[in-house]
Amino acid sequence: MGVLIQDTARNNLVTWSVHAVAGGYGVGTMLSPFASPFEANGFKRSALATSEAIREAGGEFWLDPMTYALDMPRAGDFRHYAEWDFWSTTRGDLTSRAAMREHVQRVFRAQTALDSPALAPTVLVSYPDTPRSQTALELAQVAMEADTGAWLSVAGDQEFWSAGAELDAHVGALDQLEPAGWMFIVTRGDNSMPPSASTNEIFGLMRATYALSQDRPVRVAYGDLAAVPALAAGAEVVGTGWDIRQRICAYQDFEERPADTQDGGGWYQRPTLAGLLGGLTSREYEVLVSEEAALAARLTPAAIGPRPEQAFRHHATVLTNVATALSSLSGRARAEAMRQMYLDAEGEWPAVQAITGTRLGPSRWIAPFKAGLEVFMTSEGWL
Amino acid sequence: MCCAKVSRMADLLGTACDQLALTPVRALVQGGQKQVHVVSDSAGAHLVLKLIDLGQAADPAALERARREVALLQSVDHPNVVKVTSELHEVGSPPTATFWLEEYLDGTDLRYCGSGWAAEELVALGRDVAAGLGALHEKKVIHRDLSPGNVQRLTTGAFVVMDPGFAKHTLRSGITIGGQPGTRGFMTPEHLQAFSGSPTAASDVFGCGALVYLAATGHPPVPYKGDDSEYMQRLRTANHIPLRDLRPDLPSGLADLIERTLHPQPARRYRNGVALAKAFGAL
Chain X
20 MGVLIQDTAR
30 NNLVTWSVHA
40 VAGGYGVGTM
50 LSPFASPFEA
60 NGFKRSALAT
70 SEAIREAGGE
80 FWLDPMTYAL
90 DMPRAGDFRH
100 YAEWDFWSTT
110 RGDLTSRAAM
120 REHVQRVFRA
130 QTALDSPALA
140 PTVLVSYPDT
150 PRSQTALELA
160 QVAMEADTGA
170 WLSVAGDQEF
180 WSAGAELDAH
190 VGALDQLEPA
200 GWMFIVTRGD
210 NSMPPSASTN
220 EIFGLMRATY
230 ALSQDRPVRV
240 AYGDLAAVPA
250 LAAGAEVVGT
260 GWDIRQRICA
270 YQDFEERPAD
280 TQDGGGWYQR
290 PTLAGLLGGL
300 TSREYEVLVS
310 EEAALAARLT
320 PAAIGPRPEQ
330 AFRHHATVLT
340 NVATALSSLS
350 GRARAEAMRQ
360 MYLDAEGEWP
370 AVQAITGTRL
380 GPSRWIAPFK
390 AGLEVFMTSE
400 GWL
Chain Y
8 MCCAKVSRMA
18 DLLGTACDQL
28 ALTPVRALVQ
38 GGQKQVHVVS
48 DSAGAHLVLK
58 LIDLGQAADP
68 AALERARREV
78 ALLQSVDHPN
88 VVKVTSELHE
98 VGSPPTATFW
108 LEEYLDGTDL
118 RYCGSGWAAE
128 ELVALGRDVA
138 AGLGALHEKK
148 VIHRDLSPGN
158 VQRLTTGAFV
168 VMDPGFAKHT
178 LRSGITIGGQ
188 PGTRGFMTPE
198 HLQAFSGSPT
208 AASDVFGCGA
218 LVYLAATGHP
228 PVPYKGDDSE
238 YMQRLRTANH
248 IPLRDLRPDL
258 PSGLADLIER
268 TLHPQPARRY
278 RNGVALAKAF
288 GAL
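Sequence order for the protein chains is X and Y.
The numbering used here applies: residue 20 is where the first sequence begins, and numbers increase by one.
The numbering used here applies: residue 8 is where the second sequence begins, and numbers increase by one.
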């Protein structure tokens with residue numbers, strides 16, 4: 020399917036999302052109560068106006084309650100979140116079934132009002148066999164009792180997704196609830212790009228995706244290029260955007276910051292090259308184009324305009340094309356196709372590095388993801 | 008068993024028989040915390056009396072769950088599930104023992120039914136056990152301790168699931184080597200989990216597959232070899248020899264079905280007994 024656009028601290032979510040839907044490089048938008056207000060505030064539209072605009076353009080509109088962000092270390096940027104009516108008493112109180120029901124009902128009520136699919140709230144889990152994972156399971160049970168047509172979110176840090184039998188057992192328990200679909204979130208302790216992913220994390224994400232996508236859609240929010248292996252395992256959509264905050268779900272992006280700044284972060288304008296399954300800085304890309312125009316054209320491909328929206332359009336198109344190429348395949352053929360893309364990209368990097376001198380090469384853009392994919396394929400007897 | 012324990016269980020048997028107007032016929036199981044007796048009622052009909060000694064430190068929450076689950080099981084009326092014919096009775100205040108009645112089943116359990124079964128017998132076993140599990144799963148009851156001693160082959164050839172749902176409520180009577188009680192050789196990877204990943208309906212699916220595997224080969228897929236930690240290590244990944252390698256004479260559809268039931272990831276198995284029974288029915 021392709022790309023879902025995550026919310027942004029900027030006020031261009033609607034316009035760029037509408038362009039993306041119209042241009043075929045975005046399926047819709049995921050609103051965040053940490054990034055957008057419920058009511059219009061002079062800088063941003065109201066959540067309802069955003070929903071209406073996206074849906075009128077033919078896109079999907081989702082409200083992610085992002086309850087899991089409350090569990091992040093130093094989470095403190097509640098400027099917009101405080102406006103949302105998600106809690107009757109203490110923010111984050113899920114200590115009883117009654118408190119869970121109350122929170123779930125408030126979230127579903129907001130989603131219904133905004134014409135968003137029911138996407139259940141979840142907590143952030145660091146290891147999938149703990150009292151916290153039990154809370155995640157119970158919250159999911161409460162949500163499914165409230166709405167049997169809801170999607171379930173699974174939010175975990177890298178340790179969570181790297182767990183072996185414990186992750187499988189936790190996912191198995193969630194699978195018993197038979198939601199309409201799945202939204203995965205990998206949270207990270209740093210927001211470097213590309214993410215510092217591990218082989219086991221990718222393997223775990225792929226195992227869970229492959230198991231659950233057999234009869235339900237699976238999406239990876241904030242996934243971006245790091246979630247491409249999940250596409251290979253059966254996921255249909257990954258979340259992305261034009262800022263790093265839309266491409267990675269990192270703790271520092273939810274920390275308290277001065278109240279009088281919108282602080283959208285820097286535009287992430289590094290060109291993403293399809294043939295590299297990775298990116299270069301603008302300067303490196305200029306060198307590549309200047310020195311080896313044919314190679315640059317083959318790897319890019321297509322033109323990348325100088326403005327931020329054009330860079331985003333190209334990036335989202337690269338992701339959409341990968342998702343589209345994989346969507347007609349399944350199982351072993353799908354994983355093999357993805358591995359071949361990684362092998363091809365890996366083969367292109369040395370020449371690009373020699374020309375551009377880029378610091379970030381295949382060891383960061385390719386290696387951990389390909390390694391996770393290969394462990395997954397080996398576990399399935401496909402490699 | 009120490010004399011005090013024997014005396015206590017004898018007292019408990021007497022209490023139960025007095026309370027329900029039953030006459031003891033013979034003992035079937037005489038474990039430390041659990042006893043099973045054939046008894047007869049005033050009309051001479053045979054029933055099975057199950058007694059659990061909870062000890063002095065019985066968990067009130069576990070007792071409450073047991074009450075609810077027995078009530079649920081009373082509502083299960085399925086030919087492949089043993090019928091619970093009484094409520095859960097409690098002895099003492101706070102309760103230190105419980106007992107209940109089940110229907111008496113003729114035949115013998117799978118421990119005494121040999122191995123090397125033909126394909127059609129294996130399918131019948133899997134189909135019946137899966138159907139029984141399906142009836143339990145529809146009531147949100149998980150068996151959690153499916154083992155050869157918990158499935159009876161009747162003289163009619165039908166198979167009946169016994170002891171459903173009680174493993175979780177009788178922790179002291181189960182064998183706990185990981186996070187959950189169960190029977191060595193017939194546990195699932197989820198039995199090693201203490202929290203959210205503990206057994207589900209998909210674990211019972213694994214258990215059903217393990218019983219068919221046992222009947223086909225003479226040993227469970229992840230056999231216990233006398234060392235708990237070594238067993239748990241193998242159990243984590245459900246590492247086993249594929250049925251098709253041990254019984255190449257069996258139809259590939261049956262072997263594939265069993266492999267799916269034994270997948271280490273619960274979400275890769277049939278989701279519950281209903282789905283598994285449907286798969287057996289389609290063979």
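Even glycine gets a Cβ: it sits at the ideal position worked out from N, Cα and C.
- Going by DSSP, Y:L108 is part of the beta strand (DSSP E) stretching over A104 to E110.
- Interface flag for Y:G280 against chain X is unset, since no Cβ pair is found closer than 8 Å.
- In the three-state scheme derived from DSSP, where H, G and I count as helix and E and B as strand, Y:Q159 is classed as strand.
- Y:F166 sits in a strand when the DSSP states are folded into three classes.
- Around the Cβ of X:L250, a 10 Å sphere holds 16 or more other Cβ atoms; the residue is buried.
- For X:R351, there is no enclosing beta strand (DSSP E); the residue is part of the alpha helix (DSSP H) that begins and ends at G350 to T375.
- Around the beta carbon of Y:N279, a 10 Å sphere encloses 16 or more other beta carbons of the protein chains shown; the residue is thus reported as buried.
- Bridge partners of X:A269 according to DSSP: X:R207.
- The shortest CA-to-CA distance from Y:E71 to any of Y:V89, Y:E97 and Y:G156 is the one to Y:E97.
- The C-beta of X:H334 comes no closer than 8 Å to any C-beta of chain Y.
- With a 10 Å radius around the Cβ and a threshold of 16 neighbouring Cβ atoms, X:E310 comes out exposed.
- The continuous alpha helix (DSSP H) containing Y:V136 extends over residues A126 to E145.
- Only exposed fits X:G77, as fewer than 16 other CB atoms lie within 10 angstroms of its CB.
- With respect to chain X, the C-beta atom of Y:F202 has a partner C-beta closer than 8 Å.
- At a cut-off of 8 Å between beta-carbon atoms, X:Q195 makes contact with chain Y.
- Residue nearest to X:G297 within the set X:D148, X:T228, X:A188 and X:P213 is X:P213 (criterion: CA-CA distance).
- Any Cβ of chain Y closer than 8 Å to the Cβ of X:Q153 would place that residue at the interface, and such an atom is present.
- Of the candidates Y:P228, Y:V46, Y:S236 and Y:L261, Y:P228 places its Cα closest to the Cα of Y:H247.
- Shown here for X:V161: same chain residues with a beta carbon closer than 7 Å to its own, the five before and five after excluded, namely R116, M119, R120 and V123 in chain order.
- In the three-state reduction of the DSSP assignment, Y:H247 falls in the coil class.
- At a C-beta separation below 8 Å, X:D148 has these neighbours in chain Y: G186, Q200, A201, F202, S203 and G204.
- Assigned with DSSP and collapsed to three states, X:G191 falls in helix.
- In the DSSP assignment, Y:V88 falls outside any alpha helix (DSSP H) and carries neither an H nor an E.
- Taking every protein chain shown into account, the CB of Y:Y119 has fewer than 16 other CB atoms within 10 angstroms, so this residue is exposed.
- Annotation: Cβ neighbours of Y:A209 in chain X (cutoff 9 Å, chain order): G191, A192, D194 and Q195.
- At a C-beta separation below 7 Å, X:A230 has these neighbours in chain Y: Q272, A274 and R275.
- Runs of the beta strand (DSSP E) spanning 3 or more residues and lying entirely within the segment 49-128 of chain X occur at 79-82, in chain order.
- Runs of alpha helix (DSSP H) with 4 or more residues, each lying fully within the segment 244-285 of chain Y, are found at 250-253 and 259-268, listed in chain order.
- Put simply, the segment 180-187 of chain X touches the segment 265-275 of chain Y. At least three CB pairs are less than 8 Å apart.
- Taken through DSSP and simplified to helix, strand or coil, X:V142 comes out as coil.
- At a Cβ-Cβ threshold of 8 Å, X:M91 and X:Y241 do not count as neighbours.
- Between Y:K41 and the set Y:L54, Y:S47 and Y:L19, the nearest pair of CA atoms involves Y:L19.
- Distance from the Cα of Y:S122 is smallest, within the candidate group Y:L242, Y:V219 and Y:F202, for Y:V219.
- In the same chain as X:Q130, and ignoring 5 residues on each side of it, the C-beta atoms closer than 6 Å to its own belong to L82 and A137, in chain order.
- Close CB contacts of X:A72 within its chain, under the 7 Å cut and outside five residues either way in sequence, are with V33 and V37 (chain order).
- Ranking X:A192, X:L89 and X:A41 by CA distance to the CA of X:E79 puts X:A41 first.
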